[in-house]
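Trainee:
Chains as they are written, first to last, in UniProt numbering: chain A, 1 to 119; chain B, 1 to 119.
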């Protein structure tokens with residue numbers, strides 16, 4: 001394995017709401033995603049999920065508060081907590097979560113991807 | 001919990017080779033560390049370890065190759081693989097690894113810290 005450069009990896013895809021796997025460790029996966037617009041409300045029953053903003057600004061709506069993440073900021077959504085990511089402009093994020101995590105969580109939606117690609 | 005800003009967290013400590021915990025999820029911890037100089041050769045028998053460079057340049061010597069990581073680059077050292085981090089100038093890194101990980105791995109050294117602080 002060699003060094004993984006996030007910006008280089010981010011040039012390899014353009015689709016939004018389609019996380020790509022860039023690493024795996026201890027049963028967890030590291031993913032990159034481009035987000036634009038509003039995602040769906042969902043939760044992950046058994047998985048905590050980390051969002052780290054590489055570029056842009058991400059809003060994470062929770063039922064009782066709204067988290068705004070700028071470049072270089074991160075937030076961990078605990079398991080079982082409903083959340084809705086929103087990106088008014090395109091945002092690039094790194095995700096860290098168990099390999100078992102379905103990105104739309106407990107709901108089936110047109111945005112749901114069954115299998116994620118490695119890049 | 002609120003947004004975690006890496007650069008703000010990095011202003012809260014100056015010690016090198018003393019990782020600080022900034023988050024925990026799925027039995028894993030997210031840590032920040034400032035590194036300068038040469039660390040010791042060590043391995044983690046049961047833990048894969050991710051290094052992500054926030055600022056500066058990190059060299060990770062392995063027994064059969066040398067990895068150079070610049071800002072925005074990461075590398076996962078698999079469990080059982082001996083490694084030696086080297087920072088010719090101070091480098092700031094984010095680490096992802098199981099909460100059980102001892103930072104000097106299998107060896108006891110003057111750099112070993114028994115308990116890490118949260119910041």
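Backbone N, C-alpha and C define an ideal beta-carbon position, used for all residues, glycine too.
Check whether the Cβ of residue 73/B lies closer than 8 angstroms to any Cβ atom in chain A.
Mentor: As a working mapping, residue 73/B is identified with position 73 in the second chain. Yes, contact with chain A.
Trainee: Check whether the Cβ atoms of residue 56/A and residue 91/A sit closer than 8 angstroms, and answer yes or no.
Mentor: Stepping through the first chain from its first residue, residue 56/A is reached at position 56. Stepping through the first chain from its first residue, residue 91/A is reached at position 91. For residue 56/A and residue 91/A, yes; Cβs fall inside 8 angstroms.
Trainee: Can you give me, in chain order, the residues of the segment 31–59 of chain B that have a beta carbon less than 7 angstroms from any beta carbon in chain A?
Mentor: Answer in chain order: 47, 48 and 50.
Trainee: Where does the unbroken alpha helix (DSSP H) through residue 10/A begin, and where does it stop?
Mentor: As a working note, residue 10/A is residue 10 in the first chain. Here the alpha helix (DSSP H) through residue 10/A covers 6–10.
Trainee: Name the chain B residues that come within less than 7 angstroms of residue 28/A, Cβ to Cβ?
Mentor: Position 28 of the first chain, counted from the start, is the residue given in the question as residue 28/A. Residues of chain B passing the Cβ test: 26 and 28.
Trainee: What is the rounded straight-line gap between the Cα of residue 22/A and the Cα of residue 119/A?
Mentor: The residue labelled residue 22/A in the question sits at position 22 within the first chain. The residue labelled residue 119/A in the question sits at position 119 within the first chain. Rounded to the nearest angstrom, the two C-alpha atoms are 6 angstroms apart.
Trainee: For the 8 angstroms Cβ check, are there 3 or more pairs between the segment 1–20 of chain B and the segment 58–65 of chain B?
Mentor: Short answer: they don't touch.
Trainee: Quick check on this structure: which residue in 96/A, 79/A and 45/A has the alpha carbon closest to the alpha carbon of residue 28/A?
Mentor: One-based indexing of the first chain puts residue 28/A at position 28. If we check each option's Cα against that of residue 28/A, 96/A comes out closest.
Trainee: Residue 98/A versus chain B: which residues are under 7 angstroms apart at the beta carbon?
Mentor: Translated into positions along the first chain, residue 98/A becomes position 98. Correct list: 26.
Trainee: Mind checking if residue 12/A is an interface residue toward chain B, Cβ cutoff 8 angstroms exclusive?
Mentor: Counting from 1 along the first chain, the entry for residue 12/A is found at position 12. It does not; no Cβ of chain B falls within 8 angstroms.
Trainee: Report yes if the C-beta distance between residue 79/A and residue 109/A is below 8 angstroms; otherwise report no.
Mentor: Walking along the first chain from the start, residue 79/A turns up at place 79. Walking along the first chain from the start, residue 109/A turns up at place 109. Contact: no.
Trainee: Looking at C-alpha atoms only, which residue of 25/A, 34/A, 2/A and 4/A is the closest neighbour of residue 14/A?
Mentor: As a first step, residue 14/A is located in the first chain; it is residue number 14 there, counting from the start. For the residues 25/A, 34/A, 2/A and 4/A, the minimum Cα distance to residue 14/A belongs to 34/A.
Trainee: Could you tell me the distance, in whole angstroms, from the CA atom of residue 32/B to the CA atom of residue 4/B?
Mentor: The residue given as residue 32/B occupies position 32 in the second chain. The residue given as residue 4/B occupies position 4 in the second chain. Using only the alpha carbons, I get a separation of about 12 angstroms.
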